[in-house]
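Asker:
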Amino acid sequence: MIFALVDCNNFYASCERVFNPGIVGRPVLVLSNNDGCVIARSQEAKDLGIKMGVPVFEVRAIIARHKIAVYSSNYALYGDMSNRVMKVLFRFTPSMEVYSIDEAFLDLSGFTTRDISQYARDIRRTVGRWTGIPVSIGIGPTKTLAKLAGNAAKKIPAMGGVAALFDPDHQRDALGATEVEDIWGIGRRHGRMLKAHGIHTALDLAGQPDPWVRSKMGVVGLRLVHELRGESCLDLETQPKDKKSCRVSRSFAKGVTRREDLQSAVASFAERASEKLREAGLVAGAVTVFLHTNGFRTDQPQYRNATTLVLDPATNHGSAVIGAAMDGIEKIYRTGFSYKKAGVMMEGLSRASGTQLSLLAPKTHQSTDAMKAFDAINRRFGSGTIRHGATMLGNNWRMAQQHRSPRYTTCWEELATVR
DNA sequence: TCTGGGGTCCTAGGACCC
DNA sequence: TCTGGGGTCCTAGGACCC
Numbered sequence: 002m003i004f005a006l007v008d009c010n011n012f013y014a015s016c017e018r019v020f021n022p023g024i025v026g027r028p029v030l031v032l033s034n035n036d037g038c039v040i041a042r043s044q045e046a047k048d049l050g051i052k053m054g055v056p057v058f059e060v061r062a063i064i065a066r067h068k069i070a071v072y073s074s075n076y077a078l079y080g081d082m083s084n085r086v087m088k089v090l091f092r093f094t095p096s097m098e099v100y101s102i103d104e105a106f107l108d109l110s111g112f113t114t115r116d117i118s119q120y121a122r123d124i125r126r127t128v129g130r131w132t133g134i135p136v137s138i139g140i141g142p143t144k145t146l147a148k149l150a151g152n153a154a155k156k157i158p159a160m161g162g163v164a165a166l167f168d169p170d171h172q173r174d175a176l177g178a179t180e181v182e183d184i185w186g187i188g189r190r191h192g193r194m195l196k197a198h199g200i201h202t203a204l205d206l207a208g209q210p211d212p213w214v215r216s217k218m219g220v221v222g223l224r225l226v227h228e229l230r231g232e233s234c235l236d237l238e239t240q241p242k243d244k245k246s247c248r249v250s251r252s253f254a255k256g257v258t259r260r261e262d263l264q265s266a267v268a269s270f271a272e273r274a275s276e277k278l279r280e281a282g283l284v285a286g287a288v289t290v291f292l293h294t295n296g297f298r299t300d301q302p303q304y305r306n307a308t309t310l311v312l313d314p315a316t317n318h319g320s321a322v323i324g325a326a327m328d329g330i331e332k333i334y335r336t337g338f339s340y341k342k343a344g345v346m347m348e349g350l351s352r353a354s355g356t357q358l359s360l361l362a363p364k365t366h367q368s369t370d371a372m373k374a375f376d377a378i379n380r381r382f383g384s385g386t387i388r389h390g391a392t393m394l395g396n397n398w399r400m401a402q403q404h405r406s407p408r409y410t411t412c413w414e415e416l417a418t419v420r
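In this note's numbering, the protein residues as written are 2 to 420.
#1: Which residue from 225, 235, 330 and 201 puts its Cα closest to that of residue 3?
#2: Can you tell me which of 67, 7 and 9 puts its alpha carbon nearest to the alpha carbon of residue 30?
#3: What residue range does the alpha helix (DSSP H) around residue 216 cover?
#4: Please go through the same chain and pick out, in chain order, the residues whose beta-carbon is closer than 6 angstroms to the beta-carbon of residue 441, but skip the five residues on each side of it.
#5: Checking the sheet assignment: what are the DSSP bridge partners for residue 256?
#6: Could you round the C-beta distance between residue 8 and residue 402 to whole angstroms and report it? I think they count as a contact, below 8 angstroms.
#7: So within the stretch 263-295, which uninterrupted beta strand (DSSP E) runs reach at least 3 residues, ignoring any that extend past its ends?
#8: Just confirm the distance between the C-beta atoms of residue 267 and residue 326, as a whole number of angstroms; I'd bet it's less than 8 angstroms.
#9: Taking only the alpha-carbon atoms, compute the straight-line gap between residue 5 and residue 330 and give it to the nearest angstrom.
#10: Using a 10 Å radius around the Cβ and a threshold of 16 neighbouring Cβ atoms, would you call residue 1 buried or exposed?
#11: Taking residue 290 as the reference, which of 259, 324, 296 and 298 has the closest Cα?
#12: Got a sec, what are the start and stop residues for the beta strand (DSSP E) residue 139 sits in?
#13: Please state whether the Cβ-Cβ distance between residue 319 and residue 272 is less than 8 angstroms.
#14: Looking only at its chain, what residues have a beta carbon closer than 8 angstroms to the beta carbon of residue 209, apart from the 5 residues adjacent to it on each side?
#15: Buried or exposed: which applies to residue 124, given that a residue is buried once 16 or more other Cβ atoms fall within 10 Å of its Cβ?
#16: So, helix, strand or coil for residue 64, using DSSP?
#17: Express the C-alpha separation of residue 411 and residue 81 in angstroms, rounding to a whole number.
#18: Please confirm if the stretch 149-160 is in contact with the stretch 212-220, defined as three or more CB-CB distances below 8 angstroms between the two stretches.
#19: Any contact between the stretch 40-47 and the stretch 8-19? By contact I mean 3 or more CB pairs, one from each, below 8 angstroms.
#20: Provide the residue span of the alpha helix (DSSP H) that contains residue 194, from first to last.
#21: Would you say residue 262 and residue 398 are within 8 angstroms of each other, going by their C-beta atoms?
#22: Taking the alpha carbon of residue 19 as the reference point, which residue from 10, 100 and 134 has its own alpha carbon closest?
#23: Considering only residues of the stretch 27-96, which uninterrupted beta strand (DSSP E) runs meet the minimum length of 3 residues and lie entirely inside it, listed in chain order?
#24: One question on the structure: do residue 305 and residue 395 come within less than 8 angstroms of each other, judged by their Cβ atoms?
#25: When you compare each of 334, 203 and 190 to residue 257 by their alpha carbons, which one comes out closest?
#26: Assess contact between the stretch 239-255 and the stretch 373-391, defined as three or more Cβ pairs (one per stretch) separated by less than 8 angstroms. Is contact present?
#27: For residue 107, which of 129, 240, 186 and 27 has the nearest alpha-carbon?
#28: Looking at the unbroken alpha helix (DSSP H) that takes in residue 417, where does it start and where does it end?
#29: Return yes when the Cβ of residue 145 is within less than 8 angstroms of the Cβ of residue 186, no when it is not.
#30: Under 7 angstroms: does the beta carbon of residue 122 sit that close to some heavy atom of the ligand FAD?
#31: Work out the CA separation of residue 89 and residue 160 for me, nearest whole Å.
#32: From what residue to what residue does the alpha helix (DSSP H) around residue 382 run?
#33: Checking 8 angstroms against the spacing of the C-beta atoms, do residue 51 and residue 63 come in under that value?
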C-alpha cells in the first residue's frame, strides 16, 4: 500500500485569507465558539508564540501589539471550503478517506515510488489554484508514516510541501527526529509515560519489544508501533461509517440562571441535533441532557448533572426529541446556580430506514412529512426560518461571536463583493 | 472579567446467565 | 483455610483525534 496524507495548512486561517487577501502575510487567529480560545493560527501567529487552545484573554496584549487579525469561527465557511478541497482531491484517486475537515488519506498504490512525489506536487498545485487553500502532502507505506512525512513536508520549506518516506534510511532519520508526543496517536499521557522510561523519539519507541508496548499502551499502542516499523495495520476507510452518537452543546456568553433561558437553549440544541440526525438518515434510541456551572469559577457554587431519556420508538422527529429533552432539563435543573454550559447527546443511533418497531410503546403521531417540510423551508430560506416554539421561551443564552466573517459561499446575502 | 465542540475506541469491573 | 467454569452485556473512565 502507498498512503498519501493531504493536510490543509492552518486550515481555518487559510479559509479566512481566501476571501480577505489583505490579511495574507499578517498573523491571523481564529477563535473557538464563544470567542473563548485560539483554535487556529496562521504561521505568523505561531511564530509569535501563540499556542493552540490558549484562552484569548491571555494573549490580548500580543494581539494588540502585533495587530493580529482575529476571527470568530465560521463553520459554514470552513465546511464548504473543505468540501471543495475534497472534491478536487477525489479527481486524483478513486480511493480516499476524508479523515477530518482539513485532512484526507489517499490511496496511491499503483504508482512507483519514483514518480509519486511528482504526482503529489500536481495535487498540491491543483488544490491551491482551484480553492486557494495551501496543503502539505506526506507519503508512506503506512498511515502513521504518511502522517510523519506530512509533518516534515510542513516544517521543512526545502521539501516544497511534499515528503515521501520509503527508503529505510530516510525512515530511520525521520523517526529519530520525531519526539514521541508528536507521533499521531501519542497524546499527553503516553508522551509523559514514555519519556519517564527514557523513550524520547519515534525511533526509540519503534525499538521497544511488543509485550512491553502491549502492557503499557494496549492494543492501540501496539498497532501504532507496528505502523512506525512500516507494517500497515490501519486501513483506508473509504466508506464513511454511520455515527454512533451525535452531540450539540454550547457554552454561554454569560452565566444562565433562569429556567426559561435554559429550556430555550436546550430546546435549540435538541432541534439542531434532530436536524443532524435527519441529514444523516439516522434515528436515536435515547437522548442525554447535561448542564454544568463554570468549573473555573471556584468562588461560585458548583453543580453538574446529566440524565438520559429513552426514545421509544427511536426517532429523529424534532418535537419528540425536544419533548424528551425538556423532561430531562426539568429533572436536573436546580435554582440558585449560574450555568455556563449545557447540551444534548443523541445515542443508540441506527438507520432510519430499518427502525425497530416497539411492542409496548404507544402509537405515535409523529409526522415525517412535517419534518420534511420543516427542513425544506430552512434549506430554501435559510436555517432558523422556521423553528419549534420551545426554542423561543427565553433568549438570554446566546454565545458571543464578535468577529465572524461573512458566510461567503453558503449565504446569498453574504456573498463577497468586488468594488 | 474572559477558558470550545464533537467524536472514536479500548479496558476493567460488575451484574447476570447457564 | 478451603468456595467452578465460561460466557455476555453494560458502564464508567481513560486516552486519543481534529
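A virtual CB, placed ideally from N, CA and C, is assigned to each residue, including glycine. Please read these numbers as outputs of a predicted model, since none were measured by experiment.
Answerer: Walking through what the data contain:
#1: Its Cα nearest to that of residue 3, the residue 235 stands out among 225, 235, 330 and 201.
#2: 67
#3: Unbroken alpha helix (DSSP H) run through residue 216: 211-229.
#4: Summary: the structure shown does not reach residue 441, with the chain confined to residues 2 through 420, and so no result is reported for it.
#5: Bridge partners of residue 256: none, in fact.
#6: Wrong, their Cβ atoms sit about 27 angstroms apart, outside the cutoff.
#7: Listed in chain order, they are 283-294.
#8: 5 angstroms
#9: 46 angstroms
#10: Residue 1 is absent from the structure shown; the chain starts at 2 and stops at 420.
#11: 324
#12: 136-141
#13: yes
#14: 200 and 226
#15: buried
#16: helix
#17: 7 angstroms
#18: Not touching, per the Cβ criterion.
#19: A contact exists between the stretch 40-47 and the stretch 8-19.
#20: 189-197
#21: yes
#22: 134
#23: 29-32, 39-42 and 70-73
#24: no
#25: 334
#26: no
#27: 240
#28: Residue 417 -> no alpha helix (DSSP H), and no H or E assigned at all.
#29: Their beta carbons are under 8 angstroms apart, which means residue 186 touches residue 145 by this criterion.
#30: As far as ligands go, the structure on display features none, and thus does not contain the ligand FAD.
#31: 22 angstroms
#32: 369-382
#33: yes
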